[in-house]
Amino acid sequence: MAIVRMILAAIAFASLVTGQEHVSFRSQDGAVIYADVYGTGDRGVVLAHGGRFNKESWAKQATVIAAAGFCVVAIDFRGYGQSRGPGQSDIFTAPLHLDVLAAVRYLRSGGARSISLVGGSMGGGAAADAAIEAGPDEISRVVLLAATPGGQPQKLRGRKLLIIARDDADGAAPRLPRIRADWDKVPEPKELIVLDGSAHAQFLFQTDQADHVMREIVRFLSAP
């Protein structure tokens, strides 16, 4: 019996780590969004990837967040992987916030009582825009990696955490001054963490600051 229990535990752990529960759901404009689900519980987290990433890029971070007691949904935006929907031919104008909201409502339909968003770069902008459009109680916290809302940052609700590297730059132009100017318009409660280095958004997880970033994210998501 002990051996059987060990085998079952190993299978369950492997499923959690690899994120083998694949799901799909529709957005309000008819897009079909594919996602990987990690963990269980009534606290949900949606992971929104950057332009050079996909849902699989979150596997390690999703596993850590799930182990902290969350049900995590990592999505592929329309035009990535199998996800398809209106506007996908131009990812810069596509309504990506609707993909995030579709994941939020998928979690709600599964019993999630609170939902947080974590987004990097393009995905961070989509997450912020989703939080602005969402109902007052739909989204409780937002973590943005080098991103701010596409418009009306003063309407961003809930608790907010922005993490950005000091020397993160888009070509020759540093991102921090522009992002910080928008962040100043975001209402409290909010936190800003500026890290050393130049890694942009999810690329932070490829640096020696990866563990620090994850600790800050889990702390923020878990705080009462």
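First residue of the sequence shown? That's 19 in the numbering used here, and the numbers climb one at a time after it.
Positions of the beta carbon are idealized from the N, C-alpha and C atoms, including for glycine.
Whether Val160 touches Ala149 by CB criterion (8 Å): For the purposes of this step, residue 160 is taken as the residue at position 142 of the sequence shown. For the purposes of this step, residue 149 is taken as the residue at position 131 of the sequence shown. Going by C-beta atoms, Val160 is nearer than 8 Å to Ala149.
By how many angstroms is the C-alpha of Val136 removed from the C-alpha of Arg237? Position 219 of the sequence shown holds residue 237. Position 118 of the sequence shown holds residue 136. Looking at the two C-alpha atoms, the distance is approximately 13 Å.
Which residue comes first and which comes last in the alpha helix (DSSP H) that contains His115? In the sequence shown, residue 115 corresponds to position 97, counting from 1. Per DSSP, His115 belongs to the alpha helix (DSSP H) from Leu114 to Ser127.
Using CA atoms only, rank isn't needed, just tell me which of Asp108, Ile197 and Asn72 is closest to Gly141. For the purposes of this step, residue 141 is taken as the residue at position 123 of the sequence shown. Of the listed residues, the one whose Cα sits closest to Gly141 is Asn72.
Around the C-beta of Ser127, are 16 or more other C-beta atoms found within 10 angstroms, so that it is buried, or is it exposed? Your numbering for residue 127 matches position 109 in the sequence shown. It is exposed - the Cβ of Ser127 has fewer than 16 other Cβ atoms within 10 Å.
Could you give the distance in angstroms between the alpha-carbon of Ser139 and the alpha-carbon of Leu162? Locating residue 139 in the sequence shown gives position 121, where the first residue counts as 1. Locating residue 162 in the sequence shown gives position 144, where the first residue counts as 1. Each residue's alpha carbon lies about 8 Å from the other.
Taking the straight line between their C-alpha atoms, what separation do you get for Pro208 and Arg177? If you number the sequence shown from 1, residue 208 lands on position 190. If you number the sequence shown from 1, residue 177 lands on position 159. Per the sequence shown, residue 208 should be read as Lys rather than Pro. Each residue's alpha carbon lies about 6 Å from the other.
If you run the structure through DSSP and keep just helix, strand and coil, what is Ile197? To locate residue 197, count along the sequence shown from 1; it is residue 179. Correct three-state label for Ile197: helix.
In the DSSP assignment, the beta strand (DSSP E) including His40 goes from what residue to what residue? For the purposes of this step, residue 40 is taken as residue 22 along the sequence shown, with counting starting at 1. From DSSP, the beta strand (DSSP E) with His40 extends over Glu39 to Arg44.
In this structure, how does DSSP classify Glu234 when only helix, strand and coil are distinguished? On the sequence shown, position 216 is the one that residue 234 refers to. If DSSP states are grouped into helix, strand and coil, Glu234 belongs with the helices.
Under 6 Å Cβ to Cβ from Gly143, same chain only, skipping five residues before and after it: list those, please. One-based indexing of the sequence shown puts residue 143 at position 125. Closer than 6 Å at the Cβ level, and outside the excluded window around Gly143, lie Ala165 and Gly168.
Tell me the residue span of the beta strand (DSSP E) that contains Ala66. Here residue 66 refers to the residue found at position 48 of the sequence shown. Its beta strand (DSSP E) spans residues Arg61 to Ala66.
Could you spell out where the beta strand (DSSP E) holding Ile182 opens and where it closes? Stepping through the sequence shown from its first residue, residue 182 is reached at position 164. Taken as a continuous stretch (DSSP letters only), the beta strand (DSSP E) holding Ile182 covers Arg177 to Ala183.
Using the C-alpha atoms, what's the distance from Val122 back to Ala92? Here residue 92 refers to the residue found at position 74 of the sequence shown. Here residue 122 refers to the residue found at position 104 of the sequence shown. Taking the straight line joining both Cα atoms gives about 11 Å.
Ignore the nearest five residues each way along the sequence and tell me which others in Ile29's own chain have a CB closer than 7 Å to its CB. Within the sequence shown, numbered from 1, the residue matching residue 29 stands at position 11. The predicted model places Ile29 with a pLDDT of 37, which falls under 50 and marks its position as unreliable, so this point remains unresolved.
Over the uninterrupted beta strand (DSSP E) stretch that includes Asp54, give me the two end residues. The residue given as residue 54 occupies position 36 in the sequence shown. Val50 to Tyr56 is the extent of the beta strand (DSSP E) around Asp54.
Segment limits, beta strand (DSSP E) that includes Val204: Counted from its first residue, the sequence shown places residue 204 at position 186. Neither: Val204 is in no beta strand (DSSP E) and is coded neither H nor E.
Here's the rule I'm using: 16 or more other beta-carbon atoms within 10 Å means buried, otherwise exposed. How should His115 be labelled? Here residue 115 refers to the residue found at position 97 when the sequence shown is read from its first residue. Label assigned to His115: buried.
Taking 8 Å as the cut-off, decide whether the C-beta atoms of Val63 and Glu39 are in contact. Here residue 63 refers to the residue found at position 45 when the sequence shown is read from its first residue. Here residue 39 refers to the residue found at position 21 when the sequence shown is read from its first residue. No.
Taking the straight line between their C-alpha atoms, what separation do you get for Asp117 and Asp185? If you number the sequence shown from 1, residue 117 lands on position 99. If you number the sequence shown from 1, residue 185 lands on position 167. When rounded, the distance between both Cα atoms is 30 Å.
So what does DSSP say about Pro192, is it helix, strand or coil? Walking along the sequence shown from the start, residue 192 turns up at place 174. Here Pro192 sits in strand by DSSP.
Residue closest to Gln170, alpha-carbon to alpha-carbon, out of Ser75, Pro205 and Glu74: To locate residue 170, count along the sequence shown from 1; it is residue 152. Measuring from the Cα of Gln170, the nearest candidate turns out to be Pro205.
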